[in-house]
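Protein chains in written order, with the working numbering: chain A, 1 to 316; chain B, 1001 to 1593. Let me begin by presenting the structure, written as C-alpha cells, before commenting on it.
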C-alpha cells in the first residue's frame, strides 16, 4: 500500500502533464473557426428588382391568413405559370380593399376574391369572372355565426352586447351578412355589439373566439369546414348558432386591364384542371372539386343584400 | 542532461511558485476557453431564438408585401438590440425583400450559408469584429441576423485579467508560505547532515527554531541514538558469528576431510575448502564435479544416491584419475527439511598401493608357475631337440626320402621355437618379478647393439627392413647382466620387425645423456611400422598382453624388458602413434647396478 502511494507520488508530474495536455485539447478542440469576410469591398444589393411587365400576378384575397394562403395557393400559381409558360407571382394583401385596388389599377391581373369584394369591385370599377370553384357539387357557401362551445349564447338574439370578430369590411360572410342580419332585427350593429373586431381572415376570426378575444364571429362556411377538418380540436371547441342562406361562392376574377386572350387562356386552364393529375392534386389540396363557369344569376341575391347594407351605411 | 544543484529552500520556493504559476496559466486558459465558448453558445442560442421570432413577426408583412413595415420592424429590432449588426429578409424565392444596411447588402453575406439549408449559424470575422450570422428559415422566407461578439470578447478579457491578478496574488502568498516552510526544513536538514557527519545525536540549541523543528530534531536524535546502539549490537553479533564460522571451518579442515552438504534437490548448501581442493575445482563447481565421478567396485552413481537420501559409502574415480572415498549421511535441518552430508577423502595413493601389491602378488605367482613349467618342459625339449637333430643327420646321411627330412626339420624348428619360449619364461620368472640379476659384467652398449643386429640379420633381410645406426662412439660402459640387456635389445628389434611386415626403416641410436646425479646411456629403436593406439600403448608392458598372433607372440617380451631395465636402475619409454611408427627408448645408468 505504501509502495503504491510512493509510486503514485512519483508519477504526479506525469499525471499533471497529461491533465494539462487534456485540458488544452479539450478547451481548444471545440473552438469554431470563423469565416473571414470583407464586407466593405463586397458589391452591394439594395433590394431585388420587382418582376417586369411580362410577369403575371395572381392575388389571393385574405379569406384565410396569409400563411395559409401562401401554403395553399403557391402550387396553384405555379401550375398556372407552367401552363401559361410564364411565371405567375402569388400576391397577398392584408385587406380585400387592397386586392380590389390592385385589380382596379391592373397591379394584379387575376385574383381570388371574396363574394362581397367581387360585388363591390364589380359595381365600382368592373370585374370579369374567370371561373368559380365547385365544392361538394355546389358553387355556394354560407355565412356562419359561431361561438365558443361553452358560450351561453344560443341564438342571434343573444348577441347583443357581445364582441364580434369580423373578417374584412368587404367580406360577404364575414361582414355584410351579419350587418344585414342585425339590421334586419332593427338594430344598429355599431350599437348592438359591444365591439366589432376586424381580423382580416376567417381563420383569424375563429381563433379570436377560441382565444376569448371575441364572443362571436361571422365566418365563411367553406373556411370553417376546412379548418375543422384540419384541426378536430376546433370542431369540439366551437359551436355554430346561425347559418345564412346560401351565397354564390368566391370567384376568380380578372382585372378589366387584363388582355382578353390571357383571360381566356386562364379560364381554359382552370376549367381543364380536373383533367390532369397534377391539377387534380392541387384541387384536392384546395378542397375544390373543379372550376366551372358561373351559373347565371348566382350572385344576384347577394348583390342585392350587399348593396342594401352599403346603402344604409353610406346614408349614415 | 543538465542538473541544477539548488539549495533546498530555493527548490521549495521555486517549486511552489511554479505550481501556482502553472495552475494560474491553466486556469486562465480553461476559464477563458470555457467562458468564451459558453458565452458564444449563449449568444448563438439567443440569436437563433431572436431570428426565428423576428421571422415569425415578419411573416404577415412579408406575405402581404408590406415592405415599409418590414423595414421598420428590422430597424426597430436593431435599435432595441445593440448587438445586432445587420438583419435582412429574403422571400421564398431568395429575393432580398428588406435589410438594415444603409448602403445596400454586401452580396458576400448571401453565400455564407449553403443554399437549401434550414436554420443554422456561422461564425464570421468581418475585419474589426467577430459576428454570429444566424439564419432562420421558413417556407415563406428567410431571415438573417448578424450578432456581434464584441461584448463577449470584452467579458473574456475582463475575466482573464481577474484570474491573472488572482494568480499573481497567489504567487506572492505562496512565496511567503514557502519561505516560512523552507526555513525550518533547511535548519533540520543542516542538523541531520551535521549529526550524520559528526556522529553527534544530541539536539543543538542553535538549530532549534520553531517548536515543530525542535521536536523533529529531538525525535531524530532519539532515533539516531537507538540506531547507534543497534549498530553496536549488530557489530558484536557479526564478529561472534564470523569467529564461530572460522572455528567450524578450521575444525573441518583439521579433519582433512572434504565436507559437502547437499539439499534434497542436489544443490550445494555448504562445501568446505578441502572439498574444493580435493576435487581440484572452485567451490562453485563442486556439484558438477561430484556428479561426474565414476563409481568403482560396485558403487552406484552419486546422483542416484543423493536422490535416495540414504546413508552410503564407496569409491569413485574422477576424470583426472584420482580416487575418492565418499560417505553420505542424511541430516535434519532446523527448519525440518533434510540435507545430505558428504565426506570426501582422496584415497588415490592408498588405492594405487593396493593395486600395486595385488599386481606384485599376481606376478610372483605367475613367475613361480612359469619357472616350474619351464624347468619341467626344458629338459624333455632338450632331448627332443637333440634326438631330432641326430635323426635328421641320419636321414640325410642315409638318403631317406625328402618327406622324412622335411618332417624332421619341422620337428627341429618347432622344438627350437618352443625352447625359445621356455627361455623367455625363464627370463620372465627371473626379471618379470623383480629379481636381482645374477650376472654382473662391464660392457659397451654399442657392442650389444651390433651383436643383436647380427643375430637378427636374417629376419631383417627377410622382412626387407633397412637399418640405420647412429651409435655414439665414446659411449661409456655400463655394468649389469649383458645377456639380459641383449635380450632387451633383441625384443625391441624383434618387435620393430614385426611392426613392419611390408618392410620399412629401422634406426637404432645410442647416446650418452648427462643428468645432475649420474650420466645415463640411452638406446632407442625407432621403426616406421603401424604404430600403436593409446590403449595398446598403456598396456604394452603388461605380462601376457600381445597384439600378435598366438603363434608369434607370448606377450612377455616388453614385460620382461621392462623388468630387466627397472632391475638395472634404468627406465624404458614408448612413443607411438597409429600409422606413424613407434620409438622405444631405454636409459640405463652408467654406473650400472
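Even for Gly, the Cβ is constructed at its ideal location relative to N, Cα and C. Here the structure is a predicted model, which means the values were calculated and not measured.
Under 7 Å from the C-beta of residue i: neighbouring residues of chain A
i: residue 1064(B); result: 66, 92, 93, 94
Proximal chain B residues relative to residue i, where beta-carbon distance stays under 7 Å
i: residue 42(A); result: 1106, 1107, 1108
i: residue 46(A); result: 1104
i: residue 32(A); result: 1123
Residue i: contacting residues in chain A (beta-carbon distance under 8 Å)
i: residue 1122(B); result: 35
i: residue 1266(B); result: Result: empty, since nearest Cβ-Cβ is about 36 Å, beyond 8 Å.
i: residue 1147(B); result: Under the 8 Å cutoff, chain A gives no residues; its nearest Cβ is about 13 Å from residue 1147(B).
i: residue 1060(B); result: 65, 66, 67, 94
i: residue 1139(B); result: 70, 71
Cross-strand partners of residue i (DSSP beta bridge)
i: residue 320(A); result: Not covered by the structure: residue 320(A). The range shown for chain A is 1 to 316.
i: residue 1132(B); result: 1123(B), 1147(B)
i: residue 1086(B); result: 1146(B)
i: residue 253(A); result: 111(A), 129(A)
i: residue 363(A); result: Because residue 363(A) is not part of the residues shown, which for chain A are 1 to 316, the question remains open.
i: residue 1141(B); result: 1091(B), 1138(B)
i: residue 1595(B); result: Residue 1595(B) lies beyond the stretch modelled for chain B, which goes from 1001 to 1593, so this question has no answer here.
i: residue 290(A); result: 134(A)
i: residue 1346(B); result: 1324(B)
i: residue 1273(B); result: Its beta-bridge partners do not exist; DSSP assigns none.
i: residue 1099(B); result: 1088(B)
i: residue 1575(B); result: 1583(B)
i: residue 1258(B); result: 1344(B)
i: residue 164(A); result: 196(A), 216(A)
i: residue 1478(B); result: 1443(B)
Residue of the options minimising C-alpha distance to residue i
i: residue 1377(B); options: 1353(B), 1406(B), 1362(B), 1418(B); result: 1418(B)
i: residue 1338(B); options: 1026(B), 1267(B), 1092(B), 1252(B); result: 1267(B)
i: residue 158(A); options: 203(A), 261(A), 80(A), 241(A); result: 241(A)
i: residue 1140(B); options: 1055(B), 1299(B), 1315(B), 1440(B); result: 1055(B)
i: residue 1185(B); options: 1052(B), 1009(B), 1068(B), 1166(B); result: 1009(B)
i: residue 151(A); options: 82(A), 267(A), 215(A); result: 215(A)
i: residue 1027(B); options: 1165(B), 1216(B), 1154(B), 1583(B); result: 1165(B)
i: residue 257(A); options: 153(A), 172(A), 102(A), 165(A); result: 102(A)
i: residue 1041(B); options: 1082(B), 1445(B), 1271(B), 1120(B); result: 1120(B)
i: residue 165(A); options: 189(A), 120(A), 80(A); result: 189(A)
i: residue 1072(B); options: 1063(B), 1087(B), 1369(B); result: 1087(B)
i: residue 59(A); options: 138(A), 90(A), 46(A), 38(A); result: 90(A)
i: residue 32(A); options: 1131(B), 1068(B), 1069(B); result: 1131(B)
i: residue 64(A); options: 168(A), 135(A), 202(A), 71(A); result: 202(A)
i: residue 1366(B); options: 1092(B), 1543(B), 1580(B); result: 1543(B)
i: residue 1192(B); options: 1216(B), 1257(B), 1538(B), 1476(B); result: 1216(B)
i: residue 1531(B); options: 1563(B), 1421(B), 1489(B), 1574(B); result: 1574(B)
DSSP state of residue i mapped onto helix, strand, coil
i: residue 1320(B); result: coil
i: residue 185(A); result: coil
i: residue 198(A); result: strand
i: residue 1331(B); result: strand
i: residue 1325(B); result: strand
i: residue 1236(B); result: helix
i: residue 91(A); result: strand
i: residue 298(A); result: coil
i: residue 220(A); result: strand
i: residue 72(A); result: helix
i: residue 1338(B); result: strand
i: residue 59(A); result: strand
i: residue 1178(B); result: helix
i: residue 1106(B); result: strand
i: residue 1295(B); result: strand
i: residue 1375(B); result: helix
Within chain A, partners of residue i - CB distance below 9 Å
i: residue 1127(B); result: 36, 37, 38, 39, 40
i: residue 1112(B); result: 35, 37
i: residue 1130(B); result: 34
Chain D within 8 Å of residue i, Cβ atoms only
i: residue 1251(B); result: In summary, chain D is missing from the structure at hand, where the protein chains are A and B.
Subject >> Runs of beta strand (DSSP E) wholly within the region 1408-1467 of chain B (minimum 3 residues, chain order) >> reply: Taken in chain order, the unbroken stretches of beta strand (DSSP E) that lie wholly in the region 1408-1467 of chain B and span 3 residues or more are 1441-1443.
**OP:** Tell me the start and end of each unbroken alpha helix (DSSP H) in the region 1497-1572 of chain B that is at least 4 residues and wholly inside, in chain order.
**Re:** If only uninterrupted alpha helix (DSSP H) runs of at least 4 residues are considered, those enclosed by the region 1497-1572 of chain B are 1534-1538, 1557-1567.
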